[in-house]
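S.K.: To start, I am sharing the structure in question, which I have written as structure tokens.
In UniProt numbering, the protein residues as written are 1 to 289.
Structure representation (structure tokens):
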């Protein structure tokens, strides 16, 4: 039998030898996950022996992390906008940078609602559902639809919807092929990595996240072109189209929106100062007297 401290140090050493950059933090997080202890309670009990079942579970998780399996795929937990999401290899793990997209859409929703939040939101390429569910957690009266070509991803989104107690409609759709009606807001974090770049990504991303959620084809812009071109038919006049983008895609995607007739287009940076979000507003209908 080993103590909590001995196992925590063993885990940290194993991850360090495997080349895991955040080996100390990951060893801690897995210890907390397995034991349910806070850091404070750990320090009070670090010299106690760790129960055998917990020790086995901890070692197993450390070995999986050493194999570059993402931490969130081991714990099946990812926090996004203050909400806990279930994730696995069927979906992209929610990223902190994507919270900028949610924040910007909420700002636009605040301008649009004029005392009522009863409007419709479509999340295209929804994946785990994290963007849509984060929006609906704030916009309590809004109706939300999440669309994805991957049935596996939609299963994860539906699970998150149930576990969070947030109602949404989930549709299997190749972009707009199975979408009907009009929306006040269309939001999307589509695949945007250039095909030739994917093999150079971190192992955790390259080998353990779904390629179809990463691959934006040759120039990374395929889905922006398609959505920008087609979204107008599903947006109400004055509605918002908002994208997450890669750091070098702000200019091209903004130009796509402008060429598609969107107004008030803008690019928003993330906390690192990199372009992260592009938004545009569909023109209001003109009324002729």
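Note that CB positions come from ideal geometry on N, CA and C, so glycine has one too.
Going by beta-carbon coordinates alone, are residue 69 and residue 30 separated by less than 8 Å?
M.R.: Taking 8 Å as the Cβ cut-off, residue 69 and residue 30 do not qualify as a contacting pair.
S.K.: Within 10 angstroms of its Cβ, does residue 189 collect 16 or more other Cβ (buried), or is it exposed?
M.R.: Buried, since its Cβ has 16 or more Cβ neighbours within 10 Å.
S.K.: Classify residue 237 as buried or exposed, calling it buried when 16 or more other Cβ atoms lie within 10 Å of its own Cβ.
M.R.: So residue 237 counts as exposed.
S.K.: Please classify residue 68: does DSSP put it in a helix, a strand, or coil?
M.R.: Coil, per DSSP.
S.K.: Looking only at its own chain, which residues have a Cβ that is under 6 Å from the Cβ of residue 115, when we skip the five neighbours before and after it?
M.R.: Confidence at residue 115 is low in this model, with a pLDDT of 48, below 50, so the placement of that residue should be treated as unreliable; the coordinate-derived value is given next. Closer than 6 Å at Cβ, skipping near neighbours: no residue.
S.K.: Measuring CB atoms only, is the stretch 178-193 touching the stretch 90-105, in the sense that at least three cross pairs come out at less than 8 Å?
M.R.: Yes, since at least three Cβ pairs between the stretch 178-193 and the stretch 90-105 fall closer than 8 Å, the two stretches touch.
S.K.: Expressed to the nearest angstrom, what Euclidean distance is found between the alpha-carbon atoms of residue 42 and residue 77?
M.R.: Those two C-alpha atoms are separated by around 21 Å.
S.K.: Return helix, strand or coil for residue 126, following the three-state DSSP convention.
M.R.: If DSSP states are grouped into helix, strand and coil, residue 126 belongs with coil.
S.K.: Buried or exposed, going by whether 16 or more other CB atoms sit within 10 Å of the CB of residue 169?
M.R.: Exposed.
S.K.: Got a sec? Which residues, its chain only, sit under 6 Å from residue 204 by beta carbon, not counting five neighbours each side?
M.R.: The residues are 68 and 70.
S.K.: May I ask you to report which of helix, strand or coil DSSP gives residue 289?
M.R.: Low confidence applies here, because residue 289 scores a pLDDT of 45, under 50, leaving its location unreliable; read the following figure in that light. Here residue 289 sits in coil by DSSP.
S.K.: When the Cα atoms are used, what is the spatial distance from residue 192 to residue 156?
M.R.: Looking at the two C-alpha atoms, the distance is approximately 21 Å.
S.K.: Quick one: Cα of residue 91 to Cα of residue 260, how far?
M.R.: Computed Cα separation, rounded: 30 Å.
S.K.: As a quick exercise: from 226, 230, 275 and 257, pick the residue whose alpha carbon is nearest that of residue 248.
M.R.: Cα-wise, what sits closest to residue 248 is 275.
S.K.: Suppose the cutoff is 8 Å on Cβ atoms and the five residues either side in sequence are ignored; what does the same chain contact list for residue 208 look like?
M.R.: Answer for residue 208: 68, 69, 70, 73 and 89, listed in chain order.
S.K.: Report yes if the CB atom of residue 277 is closer than 8 Å to the CB atom of residue 242, and no otherwise.
M.R.: Yes; because the gap between Cβ atoms is below 8 Å, this pair is in contact.
S.K.: What is the residue span of the beta strand (DSSP E) that residue 14 lies within?
M.R.: Unbroken run through residue 14 is the alpha helix (DSSP H), 4-17; no beta strand (DSSP E).
S.K.: Leaving out the 5 sequence neighbours to the left and right, which residues in its chain are closer than 8 Å to residue 54 when beta-carbon positions are compared?
M.R.: Result list for residue 54: 34 and 35, in chain order.
S.K.: Under 8 Å between the Cβ atoms of residue 144 and residue 154?
M.R.: Against a cut-off of 8 Å, the Cβ pair of residue 154 and residue 144 comes out as no contact.
S.K.: Do residue 234 and residue 122 have their C-beta atoms closer together than 8 Å?
M.R.: Yes, the Cβ-Cβ distance between residue 234 and residue 122 is below 8 Å.
S.K.: For residue 161 versus residue 212, is the C-beta spacing smaller than 8 Å?
M.R.: Contact: no.
S.K.: Given residue 271, which residues of its chain have a CB within under 6 Å of its CB, disregarding the five upstream and five downstream residues?
M.R.: Around residue 271: no qualifying Cβ.
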